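For reference, the structure is listed below as structure tokens.
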Amino acid sequence: MRYAEITDRLQGLGGEKWEIHNLARALKATGIDVIELTIGEPDVPTPAPLLDLAKAGIDAGRLGYSNGRGEASLLAALAAKYTIRSGRPVTTDQIIALPGTQTALFATLLTLLGPGDEVIVGDPMYATYAGVIAATGARAVPVALRAERGFRIDPADVAPQITPRTRVLFLNTPHNPTGALLRPEDITGLGALARQHDLWILSDEVYEEMIFPGAVFHSPFDRAELADRVVVTSSISKSHAAPGFRSGWAVGPAEFATRLLPLAEAMLFGNQPFIADMTAAAISSPSPVAPGMAERYSRRSKLVRARLDGVLGMQVPLPEAGMFALVDIRALGVSGTDFARALLSQSHVAVMPGESFGEALKGWLRLSLTKEDALIEEACTRIIDYAKTLKGISA
Ligand SMILES: Cc1ncc(COP(=O)(O)O)c(C=O)c1O
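So this is what it looks like as structure tokens:
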């Protein structure tokens, strides 16, 4: 039988990137105690008051069909959030509620891109980006994010990559996997390029509330001069430790939302009212869990650095936000994938190979910071022990 081209384009861009994570889960299922530092699962449960609200919504029968745009309660809460954040009126007709940032990215890119178009994206990038871009038929044009620039995308590196086919500048701030935060001057430079070449800016801000102490979040959406060309995608997955609810959104110019709406209707035919009510409540007051997570992940990133940086040539740049620490293991002379596979099978520590996030992280590892300090310490000890064996030093 014949299949659509999209299935060819997505070959190798799906679950393969999570090989080590899946192997770790399989090992755990056999009873082996694995320290799992792979995915960005929040280290706290969804706050009880939000669970109570969701349950109350179910009990109250908030289970009927919704509409393609989202429940009025949620749209109003999101409009208020982005109005306060940007300092200019953001209205409900600029927003579409979608099941998680991932779906919002997919729907947004399908609204903005088609076959033959180009999208500029930082490399490394979150593991699903290659797939979500390929799904549209557009071509990803990677721009290397340099460690010496704190992994912040450099407008000077973006400029030469712009062609008449470029449609979208795909940003992610705070950035996964690097933990980089865009600075005002970066946004100014990128915004100028977008205006000059009439590009969209897509800003994935799912880690907006995971800002480490002392760092500051800036968004291109909050620039009045970019209001006609910036789309933000986000969710409560990280901010409210609620990834399983699959509750997210896209916000951009009103015409963008009008264009996206039939697509959302074709995909979903409406959201889940009880989840919408709970999400509206969640984003209407400060998250009870985000500051604690940010503080812990920041502390643990410093712990990883204190343990690994400089050991056998390994390097650990400090993230400014997010849930992860990167470890440069190029001095050990093996790929991130080979290291991660062996570390899992021999030492029962699961980390993501940098290769899962792009060319620029060949020979790196990404460690999730969502496990207790003692486990992170133990994982570092095992990483050092395994690294020693590679260098012919007995552990
Ligand atoms: C950068 C980035 N974007 C999007 C997502 C997906 O988020 P959601 O759970 O809202 O779909 C993740 C999840 O880890 C992520 O790291």
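Residues 56 to 450 in our numbering are what the sequence shown spells out, letter by letter. By construction, the Cβ of each residue, glycine as well, lies at the ideal position given by its N, Cα and C atoms. Being a predicted model, the structure only gives us computed values, none of them experimental.
Please give the ranges of any beta strand (DSSP E) in the stretch 365-404, keeping only runs that are unbroken, at least 3 residues long and fully inside the region.
379-383
Any heavy atom of ligand 1 closer than 8 Å to the beta-carbon of R301?
Yes.
If you draw a straight line from the alpha carbon of F170 to that of D428, how long is it in whole angstroms?
A small fix is needed here, since residue 170 is Pro in this sequence, not Phe. C-alpha separation (whole angstroms): 46 Å.
Measuring CA to CA, which of T166, A397 and R351 is closest to M265?
R351
What three-state label does DSSP hand I266 in the structure shown?
strand
Quick one: Cα of G192 to Cα of R284, how far?
21 Å
Please confirm whether F379 and L387 have their CB atoms less than 9 Å apart.
No, they are not a contact pair.
Do P298 and ligand 1 come close, with the Cβ less than 8 Å from some heavy atom?
yes
Taking 8 Å as the line, does the beta carbon of N227 fall inside it for any heavy atom of ligand 1?
Correct: N227 has its Cβ closer than 8 Å to ligand 1.
Helix, strand or coil: which one does DSSP assign to S356?
Correct three-state label for S356: helix.
In chain order, which alpha helix (DSSP H) runs of at least 4 residues are fully inside the stretch 279-325?
309-323
Since M180 and N227 should fall inside the 8 Å C-beta cutoff, what is the C-beta to C-beta distance between them, to a whole number of angstroms?
7 Å
Using 8 Å as the cut-off, classify the Cβ of Y262 as near or not near the heavy atoms of ligand 1, replying yes or no.
yes
Can you list, in chain order, the stretches of the alpha helix (DSSP H) that have 4 or more residues and sit fully within the stretch 222-272?
239-251
Please confirm whether any heavy atom of ligand 1 lies closer than 8 Å to the CB of I94.
yes
If I measure Cβ to Cβ from A345 and keep anything under 6 Å in the same chain, skipping five residues before and after, which residues do I get?
E264 and S294
Which one of S141, P102, I61 and N326 has the shortest CA to CA distance from E280?
S141
Excluding the 5 residues flanking A349 on each side, which residues of the same chain have their C-beta closer than 8 Å to its C-beta?
E264, M265, I266, F267, P268 and A376
Please classify L422: does DSSP put it in a helix, a strand, or coil?
strand
Please confirm whether S289 and T156 have their CB atoms less than 9 Å apart.
Result yes, Cβ atoms of S289 and T156 sit closer than 9 Å.
Shorter than 8 Å, the distance from the beta carbon of N326 to the closest heavy atom of ligand 1, or not?
Result no, Cβ not under 8 Å from ligand 1.
Could you check which residue in Y262, P229, Q216 and G347 has the C-alpha nearest to that of L248?
In terms of Cα proximity to L248, the closest of Y262, P229, Q216 and G347 is Q216.
Taking the Cβ atom as the reference point for each residue, do V261 and S292 lie within a distance shorter than 9 Å?
yes
Report whether the distance from the Cβ of N77 to the nearest heavy atom of ligand 1 is below 8 Å.
Because no heavy atom of ligand 1 lies under 8 Å away, the Cβ of N77 does not count as near it: no.
Considering A54, what are the terminal residues of the beta strand (DSSP E) in which it resides?
Residue 54 lies beyond the stretch modelled for the chain, which goes from 56 to 450, so this question has no answer here.
Who are V406's beta bridge partners in DSSP?
Answer is L92, bridged to V406.
Short of 7 Å in beta carbon distance, which residues of its chain neighbour I87, apart from the five on each side in sequence? Order them along the chain.
H403
Of all the options V306, R201, A211 and L237, which has the alpha carbon lying nearest to the alpha carbon of A135?
V306
Rounded to the nearest angstrom, what separates L316 and L167 at their Cα positions?
13 Å
Start and end of the beta strand (DSSP E) containing V174?
E173 to D178
Could you check whether L200 and A415 sit closer than 9 Å to each other, using their CB atoms as the reference points?
Going by beta carbons, A415 and L200 fall inside the 9 Å limit.
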